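All remarks here apply to the structure that follows.
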Amino acid sequence: MGRYTGFKRWTILSLLLTMGLVAQEKDKKIQYPIPQEGWEKVEVILPVIKKGNGEYRVEFTVGFEMETDLCNPYSLIGEWTEHEVKNTNFVYFIASTKGQVVKAMNECPNEKTKSQFVGLKSNSIVYNGEQALVVYIPEGYQLRYRLWSAEKGWNSIIPQNNVSNTKKNKVAK
């Protein structure tokens with residue numbers, strides 16, 4: 005019995021140390037900056053895509069719902085800035101806006117309105133399912149995002165003045 009006691013202790017100690025390291029690794033979260041007053045940090049856990057991560061992009065914007073006319077496009081004035089978390093490869097975005105809206109000045113035949121989302125010019129990044137999309141937005145605003153995927157293959161057009169190519173004016177696939 006005394007012969008296995010050392011082995012048991014070593015095994016238990018090894019397991020406890022390993023469990024502690026695993027737990028420590030899980031708790032080791034990226035330390036994003038604390039939002040300033042009047043701001044919110046939005047963390048989007050992207051869905052897992054099993055194949056072709058590089059073929060996907062994430063498009064995102066920030067804005068709010070408002071009443072608009074039916075014939076003019078509206079957009080929010082502001083800008084995006086990208087920042088890196090210190091000593092990591094993780095990035096986050098800040099959507100800066102004062103809530104000013106610009107619209108086209110098309111003449112509308114009627115005065116009907118509708119409620120619609122008005123946002124900043126969208127931003128996009130290459131999809132990375134291993135990393136959350138972290139965006140700081142002003143309080144009271146919404147973050148919207150969507151995933152885009154590329155078509156398989158490329159379409160190409162051969163320029164007419166390309167004399168070195170004998171297949172002029174044909175679309176190649």
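Taking this note's numbering, the leading residue of the sequence shown gets 5, the next gets one more, and so forth. From the three backbone atoms N, C-alpha and C, an ideal C-beta is built for every residue, glycine too. The model shown is predicted, which means the values in this text are computed figures rather than measured ones.
Can you check which of these residues, the options, is closest to residue i by C-alpha distance?
i	options	result
Val95	Asn114, Thr85, Ser119 and Met70	Thr85
Gln35	Glu143, Cys112, Asn93 and Thr117	Asn93
Gly42	Glu143, Leu137, Ser160 and Glu59	Glu143
Cys112	Leu147, Gly67, Gln104 and Leu74	Leu74
Glu1	Tyr145, Ile161 and Pro163	The requested residue 1 is not part of the displayed model; the chain covers only 5 to 177.
Phe76	Ser119, Thr101, Glu44 and Trp158	First, the amino acid is wrong: residue 76 is Asn here, not Phe. For the residues Ser119, Thr101, Glu44 and Trp158, the minimum Cα distance to Asn76 belongs to Ser119.
Val89	Ile161, Leu151 and Pro37	Pro37
Leu50	Asn127, Phe64 and Gly133	Gly133
Lys55	Val66, Lys156 and Asn165	Lys156
Leu124	Ala99, Ala154 and Gln135	Ala99
Ser153	Gly82, Glu59 and Ile141	Glu59
Phe97	Gln164, Val48 and Asn114	Val48
Starting from residue i, trace the beta strand (DSSP E) both ways and give me its first and last residue.
i	result
Thr117	Thr117 to Gly123
Val48	Trp43 to Val48
Asn127	Asn127 to Val130
Trp152	Gln146 to Ser153
Pro37	Careful: Pro37 lies outside any beta strand (DSSP E) and carries neither H nor E.
Among residues of its own chain, excluding the 5 on either side of residue i, which ones have a beta-carbon nearer than 6 Å to its beta-carbon?
i	result
Tyr78	Thr72, Val105, Lys107 and Val122
Trp158	none
Please work out which residues of its chain come closer than 8 Å, Cβ to Cβ, to residue i, disregarding the five sequence neighbours upstream and downstream, and give them in chain order.
i	result
Lys116	Asp73 and Leu74
Asn91	none
Ile52	Here residue 52 is Val; the residue named in the question, Ile, does not match the sequence. The residues are Gly133.
Ignore the nearest five residues each way along the sequence and tell me which others in residue i's own chain have a CB closer than 7 Å to its CB.
i	result
Phe64	Ser126, Asn127, Leu137, Val139, Leu147, Arg148 and Tyr149
Val62	Leu50, Ser128, Ile129, Tyr131, Leu137, Tyr149 and Leu151
Asn110	Cys75 and Asn76
Thr101	Leu80, Ile81, Gly82, Leu124 and Pro142
Gly67	Leu80, Phe121, Val122, Gly123, Leu124, Tyr145 and Gln146
Next on the checklist: Which complete beta strand (DSSP E) runs does the stretch 61-118 hold, if anything under 3 residues is left out?
Outcome noted: Runs of the beta strand (DSSP E) inside the stretch 61-118: 78-88 and 95-107.
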